[in-house]
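Counting in numbering that gives the first Met the number 0, the sequence shown runs from 0 upward without gaps.
So the structure is just underneath, and the comments pick up after that.
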Amino acid sequence: MTEPGPDDARAARLRWIARAVAAAIGLWFLADGVAGVWGGAGLVVLAAVVVALAVGALYLTRRRS
């Protein structure tokens, strides 16, 4: 078995960046929808998005280790 080359590492890094961007866009639409339904949800939704991003980041870093 051979080690992955620099192109493989770059492709993996780009896939993770693409996933992070897609997750951020999805969370943005989710937060916007909740804020639209529940008008006073501005700070609550922001906190939920931050917590979701933190939990997701921790999950991904622990899974890759």
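Where a beta carbon is used, it is the ideal one built from N, C-alpha and C, also for glycine.
Because the structure is a prediction, the values reported are computed rather than measured.
{"Query": "Using the Cα positions of Ala-10 and Ile-16, report the straight-line distance between them to the nearest angstrom.", "Result": "10 Å"}
{"Query": "Val-49 to Phe-28, Cα distance in whole Å?", "Result": "14 Å"}
{"Query": "Assuming Ala-53 and Leu-26 make a contact with CB atoms under 8 Å, what is their CB distance in whole Å?", "Result": "In fact, because the Cβ distance is near 12 Å, the residues do not count as touching under 8 Å."}
{"Query": "Buried or exposed for Val-43, going by 16 or more other Cβ atoms inside 10 Å?", "Result": "exposed"}
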